[in-house]
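Take a look at the structure below.
Numbering (the UniProt record's numbering), first residue to last: 1 to 158.
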């Protein structure tokens, strides 16, 4: 009887330990990992995301940066607020809040991003633009985008 109680306790302990390791493995995913699970390249987020919250049932998410992040890519200037929110599903981010692009003199909010095969389509509501998917395999850095090595900054891994 003592032996069977001991075995039951050991099995329970092993199950709890296994369950805890599964939960820990899920918590170890980064925001960049989550993007890839939903069909997006890591480069749509800058280096430096400090955390995120995701409701897998609804797709609602929030991700967090230490501070506002601005950088230029080609003729565009992008700005990420310290908190970015939206709804993610396979190949689509909608109801996006916290990401803006400067076009000529106007700052416009990017409200949707769609993976369209070889391109990513970014929508500001009334207009959209497509960019090659392979342009987003690397994450830009706040302040210098992809030109950090030219600016004398250290390039860190994402």
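Yeah, the Cβ is synthetic: ideal placement off N, Cα and C, and Gly gets one too.
Cβ distance (whole Å) where residue i is taken to contact residue j below 8 Å
i	j	result
residue 71	residue 143	6 Å
residue 133	residue 41	6 Å
Residue i, DSSP secondary structure in three states
i	result
residue 133	helix
residue 119	strand
residue 42	helix
residue 108	strand
residue 49	strand
residue 143	coil
residue 149	coil
Whether residue i touches residue j by CB criterion (9 Å)
i	j	result
residue 78	residue 86	no
residue 43	residue 91	no
residue 99	residue 76	no
residue 114	residue 108	no
residue 84	residue 54	no
residue 139	residue 63	no
residue 131	residue 119	yes
residue 212	residue 73	Because the chain in this structure spans residues 1 to 158, residue 212 falls outside the shown range and cannot be described.
residue 117	residue 88	no
residue 112	residue 128	yes
Boundaries of the beta strand (DSSP E) in which residue i is found, first to last residue
i	result
residue 76	76 to 89
residue 35	Where residue 35 is concerned, there is no enclosing beta strand (DSSP E), although the alpha helix (DSSP H) it sits in stretches over 31 to 37.
residue 126	Residue 126 -> no beta strand (DSSP E), and no H or E assigned at all.
residue 58	No beta strand (DSSP E) holds residue 58; DSSP gives it neither H nor E.
residue 69	69 to 73
residue 101	92 to 103
Quiz item: Is the region 121 to 129 touching the region 48 to 62, taking contact as three or more C-beta pairs under 8 Å?
Solution: no
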